[in-house]
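Student:
Number of protein chains: 2
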Amino acid sequence: MAADPPTVRTRVRRLPERGAYDRETIDAILDEALICHVGFVVDGQPYVIPTIHARLGDRLYLHGSTASRTLRTLATGAPVCVTATIVDGLVLARSVFHHSMNYRSAVVLGTARPVTDPEQKLRGLQAVSDHIVRGRWDEVRQPNRQELNQTALLCLELTEASAKIRTGPPKDDPEDLDSPVWAGVLPLHLTPLSPAPDEGVPPDTPVPPNVRHWRKAIGNERTLDGTD
Amino acid sequence: MAADPPTVRTRVRRLPERGAYDRETIDAILDEALICHVGFVVDGQPYVIPTIHARLGDRLYLHGSTASRTLRTLATGAPVCVTATIVDGLVLARSVFHHSMNYRSAVVLGTARPVTDPEQKLRGLQAVSDHIVRGRWDEVRQPNRQELNQTALLCLELTEASAKIRTGPPKDDPEDLDSPVWAGVLPLHLTPLSPAPDEGVPPDTPVPPNVRHWRKAIGNERTLDGTD
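So the protein sequences, as listed, match chains D and S.
Using the working numbering, the letters of the first sequence map in sequence onto residues 2 to 229.
Using the working numbering, the letters of the second sequence map in sequence onto residues 2 to 229.
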């Protein structure tokens, strides 16, 4: 957590000891968070819309229908904020005031641009697919030209980003430590339940390992080759 | 889902069949979602910040430190967007294009105002506490005057809100239905793991039932008396 904030507006102001600005920390949050919330402004009104994202090297990708207002607004180069948050647990203190949450969030500011290069677009869409279920892209029918035309891919450089993290037990006031109440952390985790096969899937079709053992705690390793 | 959108700007444009505008649907999402993402604008730049919320009747409450930039910006009556999203599962289709997610999201637009009436502020803060762990407020030390002075509570009327929901299996193209690949839904759920007691909690202290059996799928029943 030694890195400095890239800009004044990404500096974590409230509880600055929770701020982090190194890319390793930021990337890990973006990679693990299943979805993000995208903020943009139309006629002075902010809108916050949940969507899927993916990171590939120094870029964050967002995708959606070419008919989507969010995507169309962002494609104009409007200022955007992308925030990804992972809730890790409830922090149950001995006083109401010191209750908190353990979490990791990453905030990315900037402007997005549409990806038009066909090869980069395919790689970006594959990153989004991998972000959800690694390897699924190679197991199912890949997009045809018509589907690609209906899908917009936007790209945001990770130049202005910050992370905020809270971990650990409650921080109670000394005078509350004698309280007889239970205090501690209730860890929370986004957990898969039993996969539900679609109608028409033959009963002997095995659930693939990337679904059977699904967990969202991994990045896009293929970014490591730096070929993005 | 028969209600009409309250305003043009809350109308769900993309896939309108997923839109819902009745308060019962919207309230259920706000009540179940553990956190929300708050969007506001400073110098033309949108910011999206995760925080805890609570609904009490027709109002949404947000709280935070009086030193928080988010809270201070909102308290000026700046336009705000509060979005709460629950991820219910991954929708794994037979083609990349038809992959999706099952989710429920609620979007609330408006302006927030600070709650200054001491009794309303206490009720709002208790709602926030109940939103996280029902009944915890009565089990721990309640806020003293100094703590209340350090805590801002904002209130947003639920007059301009919409929900967007996707449920059910993948919707594949007919020509993909013969694909041998497994398709279906992987349900996801925010699940509590084992509670971790804080240092200093006597080993024989029982974990209270609201923590031991914690689940975030319930609203603020005390809103039903309409006394907010």
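For every residue, glycine included, the Cβ atom is placed at its ideal position computed from N, Cα and C.
Keep in mind it's a predicted model, so treat the numbers as computed, not measured.
Go to residue 211 of chain S, then tell me how far its alpha helix (DSSP H) extends in each direction, as first and last residue.
Tutor: For this step, residue 211 of chain S is matched to residue 210 along the second sequence. Unbroken alpha helix (DSSP H) run through residue 211 of chain S: 210–213.
Student: In whole angstroms, what is the alpha-carbon distance linking residue 211 of chain S and residue 62 of chain S?
Tutor: Taking the first residue of the second sequence as 1, we reach residue 211 of chain S at position 210. Taking the first residue of the second sequence as 1, we reach residue 62 of chain S at position 61. Cα-Cα distance, rounded: 22 Å.
Student: Which word fits residue 195 of chain S, buried or exposed, when buried means at least 16 other C-beta atoms lie within 10 angstroms of its C-beta?
Tutor: Taking the first residue of the second sequence as position 1, residue 195 of chain S is located at position 194. Exposed, since its Cβ has fewer than 16 Cβ neighbours within 10 Å.
Student: Mind checking if residue 30 of chain S is an interface residue toward chain D, Cβ cutoff 7 Å exclusive?
Tutor: Taking the second sequence and counting its residues from 1, one reaches residue 30 of chain S at position 29. For residue 30 of chain S, the answer is no, since every Cβ of chain D falls outside 7 Å of its Cβ.
Student: How about residue 157 of chain S and residue 125 of chain S: do their beta carbons lie closer than 7 Å?
Tutor: Sequence index remark: in the second sequence, residue 157 of chain S carries index 156 (1-based). Sequence index remark: in the second sequence, residue 125 of chain S carries index 124 (1-based). No. Outside cutoff.
Student: Quick one: residues in its chain with C-beta nearer than 6 Å to the C-beta of residue 100 of chain D, no 5 flanking neighbours on either side, listed in chain order?
Tutor: Residue 100 of chain D sits at position 99 when you count from the first residue of the first sequence. Correct list, in chain order: 94.
Student: Report, in whole angstroms, the separation of the C-beta atoms of residue 173 of chain D and residue 184 of chain D, which I expect to be a contact under 8 Å.
Tutor: Numbered from 1 along the first sequence, position 172 holds the residue referred to as residue 173 of chain D. Numbered from 1 along the first sequence, position 183 holds the residue referred to as residue 184 of chain D. Correct: roughly 7 Å between the Cβ atoms.
Student: Quick one: which unbroken beta strand (DSSP E) runs of 3-plus residues sit fully inside the segment 146–173 of chain S? Chain order, please.
Tutor: The qualifying runs are 152–158, 161–167.
Student: Express the C-alpha separation of residue 188 of chain S and residue 140 of chain S in angstroms, rounding to a whole number.
Tutor: Numbered from 1 along the second sequence, position 139 holds the residue referred to as residue 140 of chain S. Numbered from 1 along the second sequence, position 187 holds the residue referred to as residue 188 of chain S. Straight-line Cα distance between these residues: approximately 34 Å.
Student: Check whether the Cβ atoms of residue 64 of chain S and residue 152 of chain S lie closer than 7 Å to each other.
Tutor: In the second sequence, counting from the first residue as 1, residue 64 of chain S sits at position 63. In the second sequence, counting from the first residue as 1, residue 152 of chain S sits at position 151. Yes, these two residues count as a Cβ contact at 7 Å.
Student: Starting from residue 185 of chain S, trace the beta strand (DSSP E) both ways and give me its first and last residue.
Tutor: Residue 185 of chain S sits at position 184 when you count from the first residue of the second sequence. From DSSP, the beta strand (DSSP E) with residue 185 of chain S extends over 185–193.
Student: Output needed for residue 136 of chain D: all residues of its chain with C-beta closer than 6 Å, excluding positions within five of it in sequence on either side, in chain order.
Tutor: The residue labelled residue 136 of chain D in the question sits at position 135 within the first sequence. Around residue 136 of chain D: 211.
Student: Can you tell me whether residue 1 of chain D is buried or exposed, with buried defined as 16 or more other CB within 10 angstroms of its CB?
Tutor: With chain D covering only 2 through 229, there is no way to say anything about residue 1 of chain D.
Student: I want to verify the contact list: residues of chain S whose CB lies under 7 Å from the CB of residue 199 of chain D, in sequence order.
Tutor: Taking the first residue of the first sequence as 1, we reach residue 199 of chain D at position 198. Ordered by position in chain S, the residues that pass the 7 Å Cβ test against residue 199 of chain D are 170, 171, 184, 185.
Student: Could you name the residues of the same chain whose beta carbon sits closer than 7 Å to that of residue 127 of chain D, not counting the 5 residues immediately before and after it, in chain order?
Tutor: Translated into positions along the first sequence, residue 127 of chain D becomes position 126. The answer, listed in chain order, is 138.
Student: At a Cβ threshold of 7 Å, is residue 84 of chain D touching chain S?
Tutor: The residue you call residue 84 of chain D lines up with position 83 of the first sequence. Chain S, which has a Cβ nearer than 7 Å to the Cβ of residue 84 of chain D, makes this yes.
Student: Assuming residue 50 of chain D contacts residue 71 of chain D under a Cβ cut-off of 8 Å, what Cβ separation, rounded to an integer in Å, is found between them?
Tutor: Position 49 of the first sequence holds residue 50 of chain D. Position 70 of the first sequence holds residue 71 of chain D. Correct: roughly 5 Å between the Cβ atoms.
Student: Going by beta carbon distance, what residues of the same chain come within less than 6 Å of residue 82 of chain D, once the five residues before and after it are set aside?
Tutor: As a working note, residue 82 of chain D is residue 81 in the first sequence. Correct list, in chain order: 40, 110.
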